[in-house]
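A short write-up of the structure that comes next.
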């Protein structure tokens, strides 16, 4: 790999886009925001995801149709879904 290209990639890749919501409600409460990119631990990897979907669990959490025991994590939420492929 070209060392100059590798440096440029790392320098600009400290932020990412994330789908977040800060209140419960209809799909319109979900916003795409700039967020810090997570740093993987020594036994983890960071995978670039170019496209994703919203799962049924994400939809229920946003609409607050899941039990409070599960939903009581705070109000800023990044939907989670498995990466496959």
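Numbering (the working numbering), first residue to last: 14 to 98. We treat Cβ as the ideally placed atom computed from N, Cα and C, and that holds for glycine.
Short check: CB of residue 47 to CB of residue 65, under 9 Å? In the chain shown, counting from the first residue as 1, residue 47 sits at position 34. In the chain shown, counting from the first residue as 1, residue 65 sits at position 52. No, Cβ-Cβ distance for residue 47 and residue 65 is not below 9 Å.
Segment limits, alpha helix (DSSP H) that includes residue 63: In the chain shown, counting from the first residue as 1, residue 63 sits at position 50. Run containing residue 63: none; DSSP gives neither H nor E here.
Pairs of beta-carbons, one from the region 49 to 56 and one from the region 69 to 77, closer than 8 Å: are there three or more? no
Own chain partners of residue 27 with C-beta closer than 8 Å, once the 5 adjacent residues on each side are dropped: Here the question's residue 27 lines up with position 14 in the chain shown. 49 and 50.
Within the continuous alpha helix (DSSP H) that includes residue 71, where are the two ends? Along the chain shown, one-based indexing puts residue 71 at 58. Note, residue 71: alpha helix (DSSP H), 69 to 76.
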